[in-house]
Structures are given as structure tokens and as C-alpha cells.
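Chains as they are written, first to last, in the working numbering: chain A, 16 to 400; chain B, -7 to 256. Built from N, CA and C at the ideal position, the CB exists for glycine as well. Have a look at the structure below before the remarks.
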Amino acid sequence: MNFALSEEYKILQKMVRDFAEKEIAPIVDRVESEENIPDELLAKMAELGLNTITIPEEYGGPGMDTISFALAIMEVARVSASVAVAMSVTNMVAEGIYRFGNEEQRRKYLPKLARGEYLAGAFALTEPGAGSDAGSIRTTAVKEGNEYVINGNKVFITNGLKAGIFMVAAVTDKEKGKKGISVILVERGTPGLTIGKKEKKMGQRGSDTVELVFDNCKVPITNLLGNEGDGFKIMLADLDGGRIGIGALACGVMRACVDEMVKYSKERVQFGQPIANFQAIQWMIADSVTELEAAELLVLRAAWLKDRFLKGEGGRFTKEASIAKLFATEAANRVAYRAVQVHGGYGYIEEFPVERFYRDIRVTTIYEGTSEIQRLVIARSILEG
Amino acid sequence: MKAVCFVKSVPDTETRVRLTGNRLDKSEIKYILNPYCEFAVEEAVRKKEAGIVDEVLVISMGPSRAQEAIRSALAIGADRGVHIEDDNLDGSDAIVTARVLVEAFKKEGGLDNYQILLFGLRAIDGDTWSVPSMIAELLGIPAVTNIVKLDINGNKAIAIRMVEGGEEVFEVELPCVFAARKGLNEPRYPSLPSIMKAKKKPITRYTISDLGIPSDAVGKVGSFTEVLEYTLPPQRQAGKKVEGEPEQVVEELIKFLREVANII
């Protein structure tokens, strides 16, 4: 066993850290207040290979692995959870197209994501009536000649405003339940696809979350990803990877919380000394660093297992991805709570970044599978095994 | 024309420096490619992209971590690396370092092969600022240090050197040593595909015996200087505030500057 990062990972980590500090940190307040990630930033990220990290060279990606993806997300999230979630979802969509798409679909869409011609990708599963119960979606895709005609509504879709390509889950056979769900690729600007209401959120405001309305939206049948009826499986398999991304994002935010806690507690003087001298504060810092490091190890282990699985060297990593996501996001909420607590009143006002971290982290135990769904996945894999 | 960059692995600027007794505690230090060396590598790679240079070689001396610094330079776009690694080198001072680097450079064809020799002006750890000029001296070629601009025209180069209050413009014949300072360029972020490509670029390894250097000519034994002690910089003292009526304050301030601070 070896816990040391290889040369390549360290170079990547430093590059992303420099990029996040120089290109994202100076605009992070604007990203949040304008609720928008500038297109130029997304384009720069694509140019560096950050939007398609695991996509092989032949499709325009850098051909790196999931550990690289997790390390990159951690560094971006340390500065901006909004940018990190946009990046995580785009990578998940690229990987969905790569893993489940045919050669023609890979060649058509992946280079566009890699070059930044598509600034982002979106993953359209959730509906007003289908959240944790994703199998109950009602959006339909009816085959008519050479086309699918899609009708229905999707909600809480990350990157909806920026995405060039959408992975859309729709029912193609009502009789078959979950096995009647398929994934269809829909390009931005396809007639019949309307980007609906943009949500006003508690945190991660820079990342857009929108409603999608499909009204007789017609796409060629060649846009079917995988086979008809495989959709539910594809979406869940792709989400396993996405969960590693969200776990990594939580680690990044946690790291930022710890940095701020340490800095503030050394500067803030009460009772004639820096509050870092008090055991009450020291224990909060110690607990936070412990949880952070445990979370990082769980996330990197899940990433490592996924890489082995994709190379055919190991089994599924669903349980470990869920464990990593569950622990990292729950821990990050505790750490953000402590970060605010250490700051006292100053943690509750916008001048201090922990106020944003506290809001930003809240959604991580909800999106890409709530903590309760993660527990269900973990328990099932243990009890059924 | 070919270019060579001499680079160094140094502690990250965010590293907390700790002393254990009289020794530097290196256990928690993270290492990076010296930021000034990044300017040098970036410049060489730009010259290659402009079609002026057709190969960029990177040479570094140091323990195994120096390989990471070389790899970082390869990710920026250098073509290949040379890593001089030998336990005997531990504790070498600037002149020994310069001599070893020169031997490795000669082994790679030296001035017959490479006409542009680029360095960072300084390494942010030892901060001696001296290796580039020493190497120029050992090779018998000119050196222009502290440069903010470098133009190559055939066999000549025009380099702009920053001096206090202005700039000096030098026209020099190649081969020549150039030492880069901040402002020469803005180093790129190595893209993920470049990091992957760097993994496959060759790094040649030399020990001192490969270079024909006896072990007593390097390390602490071969060095002219000796580190006697490490100390942390003194804590900054709080400023002194002089308060009161203007006439009184001025008088007191002058008295302070003259008698206590001894600066007027």
C-alpha cells in the first residue's frame, strides 16, 4: 500500500491549485453575486483539460484517471464549490458518453466538450415527481420514424444554462418500469427544448440550476445512448462516478473551512490571547482535520477502485462511492458548522468566506443522491451480499 | 539552435520551515519547481514555439525529488531531462553545484550543442543568486542576469536587464547565459494533456562517477563554504508610535532616528 501521490498527481494538483487561486479566487464573489460562471472561465478550464479529465486522447481528452479527477475537483472546490460542481457534472456527462456511447457519438460530442465548444454538459434525470425515486420519471420519448419525440419536465438540472449537451432520461416503454427507461442525448438549441425557471438557491449560486421543458422535442434515434431500456442502469452507473466528484467537492470545501478556522483562530484575540490557545477551539480544529483527512482517503479510495474497475482489474465500486460521498458531505457540513462557530459573529456575515462555505456545503448531502439514498445503497450491498 | 534550462527543486513558498536543533527539518516540506526556473523554462519553450529553438533540455541536480521538478518543466513543454543524483552531492555549495552542472552539460555536448543557457535568477531556498554567473565563468561565456526580455536574432541576442531605476539593454553573442526574473513572461498552466505527455519524455540519470567527478570534490567535503547554523528570521517587532503636538513629535522623532535607530 502506498499513500504517496505520484509525480504526475502532484504536478496536476499544483497546476489546479495555482489555476484556482489565480483565475477563480479573484472573481469568486462576482460568480456568486451574479449567479453566473463566466463563459471564459469555463472555456479556459476546457482548454486545460479539466472538463474531460478521464476522456482518452483520441477523443480530445487528456486521458487521465479518476484519482486525477478527484484531486482536481478538491482544488477547485477549495476556492469555489459552484465552479467545482459545474466541472464535476460536465466530467460526468463526458464520461457517460464515453462509457456508454457508440463510436459515432463519442466522436461527435466528446471533442466539443474537450475543446470548450460545449462549455458544459448536463445530466437530466430528476423530475418534480422523481427525486430519490428516480425510477418513477414520467418524461417520455416516443419513437416516430427516425426520431424520438420527447415530452416532459426536468427540474434541478445543474449546468442547464451552459450545457451544449444533455443526457436525458426518458421512458421509452411504459410497461417495463425501470427497464423501460432510456438515455437520449439532446443538443442545446434543439426545437422543443426550453430552458425554464432558474432556481434561487441557498448556496452554490454561481452554478446554475434550472428547469427543462420538453415539448415535442425531436431528436434522431441515433442519439440513443446505449440500448433502449438501459437508461436507468446507465444513469446510476454514471452517478457512481459523480458521487466521487461530490465527495471530492466536499473535501475541497472542508479544506477551505479548516484553512479559515486556523487563520482566524490565530488572529482573533479574546481574554488577552489568540483564541487558538483555547482547548475549545483546538478541539474543533482537531476534529475537523481528522474528518477532512478521513474523507479524503475515502474519496481517493473510491476513485482508485473505479480506475481498477474500468481497467477490468477489480469489481464494482458503488458501495465505496456511496460511502465516500456520504461521509465526506456529512463531515463537511459538521466542519462548516464549526468554521462558523470559531468565527463567532464574523462567521455569520458575508465579509468572511466561511459564511459562504456554510451555505455552499448544505446541498451536498442532497444532490447526486441524498445521504439517505447513500445509506440505502450501502446497506443493500452489505445485506444482499 | 538548442536551449538548455538549469532548474532546481525548492520548498513550496507555503511551507512552514521548522528547525530541529541546528538542522532543517525536511519531513513536512513540499517541494516545487523553483518559480524563477519556471520563467526560464517558459521562455525556452516559447522560443521553441516561435521556431527559434528546436530542442529544450532541462538539467537538475538534487535528490530523487529533483525529478519532479524536471517533470514539471517537461509538462510546461521542455523536451527531455537530465537528472544528476548522487548521495555524495548532499551539502554541496554553489560553486560545487555549478561545477557538477557544467560536467553534466558537457556530457550532453555542451556549447557545441546548446547556445542559449537559461536559469532562474535565484533559487528561493538557498538564495545565493550565484550559480548562473559561476557557470558562465566556468564555460567562458557571457552572462546577462535579471532579464525581463530576450530576443534572439541569428547568432545574437538582445536582452533587457533590470537595474535600480532603469533598464540596461545588452547585445550579446551566443552562446550566453541568461538569468530570468519575474516579468520575463507569464508561465502557462501546464494542461492535463501536457502533464500526460511529460510522463513519456525521457530523463537521463547521471551519478558523479558517470561525470568523472571524484567524491571528495563534492558535498560538504568539496565545498568552500560551510553552513554553521540555521536560524529562523526574527519576529517582527511592533512599530513605535510617537504622539503629541507636532513640534514635540518632530523633535522626539529626530532624536529617536539619531540616537536609537542610528540612521541619520
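Given residue i as reference, the closest of the options once Cα atoms are compared
| i | options | result |
| --- | --- | --- |
| B:V50 | B:R57, B:Q240, B:A65 and B:K193 | B:A65 |
| A:V277 | A:L56, A:T69, A:V350 and A:A135 | A:V350 |
| B:P3 | B:K39, B:A58 and B:A96 | B:A58 |
| A:L239 | A:A178, A:P368, A:G116 and A:E365 | A:G116 |
| A:F181 | A:E370, A:P126 and A:R203 | A:R203 |
| B:E129 | B:V161, B:T217, B:L93 and B:E237 | B:L93 |
| A:E73 | A:V108, A:L125 and A:F84 | A:L125 |
| A:T209 | A:S337, A:K215 and A:K233 | A:K233 |
| A:I261 | A:T380, A:R283 and A:M60 | A:T380 |
| B:V37 | B:D202, B:V155 and B:K(-6) | B:K(-6) |
| B:N26 | B:E95, B:D46 and B:E60 | B:E60 |
| A:M60 | A:N106, A:F342 and A:V157 | A:N106 |
| B:S1 | B:P167, B:I255 and B:E77 | B:E77 |
| B:A190 | B:I44, B:R8 and B:R63 | B:R63 |
| A:A101 | A:G131, A:A137 and A:K340 | A:A137 |
| B:I44 | B:L249, B:R91, B:Q107 and B:L16 | B:Q107 |
| B:Y28 | B:D117, B:T7 and B:E47 | B:D117 |
| A:A265 | A:A92, A:T141, A:I39 and A:L254 | A:A92 |
| A:A35 | A:G330, A:A252 and A:I88 | A:I88 |
| B:C(-3) | B:T7, B:F31 and B:T12 | B:F31 |
| B:T120 | B:E251, B:V219 and B:I256 | B:V219 |
| A:L27 | B:A70, B:M188, B:D82 and B:I133 | B:M188 |
Close beta carbons around residue i, own chain, < 8 Å, minus the five adjacent residues each side
| i | result |
| --- | --- |
| A:G192 | G150 |
| A:A129 | A61, G64, N66, T67, I70, Y74, G75, G76 and A109 |
| B:E244 | V234 and G236 |
| B:K232 | F248 |
| B:E221 | N14 |
| A:T141 | A149, K169, V170, F171 and I172 |
| A:D322 | D80, T81 and I82 |
| B:E95 | L203, G204 and I205 |
Cross-chain neighbours of residue i in chain A, by beta carbon under 8 Å
| i | result |
| --- | --- |
| B:Y28 | Ordered by position in chain A, no residue passes the 8 Å Cβ test against B:Y28, which lies about 15 Å from the chain. |
| B:E60 | E22, K25 and I26 |
| B:R228 | By Cβ distance, chain A contributes nothing, its closest Cβ being about 15 Å from B:R228, past 8 Å. |
Interface partners of residue i on chain B, CB under 8 Å
| i | result |
| --- | --- |
| A:P53 | Within chain B, no residue comes near A:P53; the closest Cβ sits about 17 Å away, beyond 8 Å. |
| A:P235 | The contacting residues do not exist; A:P235 stays about 31 Å from chain B at best. |
| A:E62 | S183 |
| A:L65 | L184 |
Spatial neighbours of residue i in its chain, beta-carbon cut-off 7 Å, leaving aside the 5 residues before and after
| i | result |
| --- | --- |
| B:E34 | I68, N177, P179 and R180 |
| A:E49 | none |
| A:P77 | G64 and I68 |
| B:T89 | M53 and V123 |
| A:Y24 | I82, S83 and L86 |
| A:F372 | V268, A271, C272, A351 and A354 |
| A:L315 | I82 and A85 |
Proximity test, Cβ basis, 8 Å: residue i and chain E
| i | result |
| --- | --- |
| A:D33 | Here chain E cannot be found, since the structure's protein chains are A and B. |
Within chain B, the residues that residue i reaches when beta carbons sit closer than 9 Å
| i | result |
| --- | --- |
| A:E190 | Ordered by position in chain B, no residue passes the 9 Å Cβ test against A:E190, which lies about 45 Å from the chain. |
| A:P289 | Here the premise fails: no neighbours, minimum Cβ distance about 14 Å. |
First and last residue of the uninterrupted beta strand (DSSP E) at residue i
| i | result |
| --- | --- |
| B:A230 | Neither: B:A230 is in no beta strand (DSSP E) and is coded neither H nor E. |
| B:R114 | Per DSSP, B:R114 belongs to no beta strand (DSSP E) and is neither H nor E. |
| B:A149 | K148 to V155 |
| A:T209 | L208 to K213 |
| A:S197 | I196 to E202 |
| B:P3 | S1 to P3 |
| A:V100 | First-last for A:V100: A96 to F115, but that is the alpha helix (DSSP H), not the beta strand (DSSP E). |
Residue i, enclosing alpha helix (DSSP H) - first and last residue
| i | result |
| --- | --- |
| A:T305 | Q294 to L325 |
| B:M126 | V123 to L131 |
| A:I393 | S386 to L398 |
| B:I246 | P238 to K247 |
Residue i: contacting residues in chain B (beta-carbon distance under 7 Å)
| i | result |
| --- | --- |
| A:I70 | Residues of chain B passing the Cβ test: none, with the nearest at roughly 10 Å. |
| A:K29 | I24 |
Proximal residues to residue i (C-beta, below 6 Å), its chain only, five neighbours per side dropped
| i | result |
| --- | --- |
| A:I249 | F115, V198 and G241 |
| A:N166 | T155 and F229 |
| B:G157 | none |
Proximal chain A residues relative to residue i, where beta-carbon distance stays under 9 Å
| i | result |
| --- | --- |
| B:R72 | Going along chain A, no residue has its Cβ under 9 Å from B:R72, so there is no contact; the nearest lies around 16 Å. |
Under 7 Å from the C-beta of residue i: neighbouring residues of chain A
| i | result |
| --- | --- |
| B:S64 | I26 |
| B:A258 | This structure cannot speak to residue 258 of chain B, because chain B is shown only from -7 to 256. |
Against chain B, which members of the region 99 to 129 of chain A pass a CB distance test of less than 7 Å? For the region 99 to 129 of chain A, the set of residues with a beta-carbon nearer than 7 Å to any beta-carbon of chain B is empty.
Could you please tell me which residues of the region 79 to 113 of chain B, in chain order, have their CB closer than 8 Å to any CB of chain A? The region 79 to 113 of chain B vs chain A, Cβ under 8 Å: nothing.
Against chain A, which members of the region 176 to 205 of chain B pass a CB distance test of less than 7 Å? The residues in question are Y181, P182, S183, L184, P185, I187, M188 and K191.
Mind listing which residues of the region -5 to 24 of chain B have their C-beta closer than 7 Å to chain A's C-betas, in chain order? So the close ones are I24.
Of the residues that make up the region 26 to 56 of chain B, which ones have a beta carbon closer than 7 Å to any beta carbon in chain A? Answer in chain order: no residues at all.
Of the residues that make up the region 246 to 272 of chain A, which ones have a beta carbon closer than 7 Å to any beta carbon in chain B? Contact annotation: in the region 246 to 272 of chain A, no residue has its CB less than 7 Å from a CB in chain B.
Contact list for the region 73 to 101 of chain A against chain B, Cβ threshold 7 Å: Hits within the stretch, in order: P77, G78 and M79.
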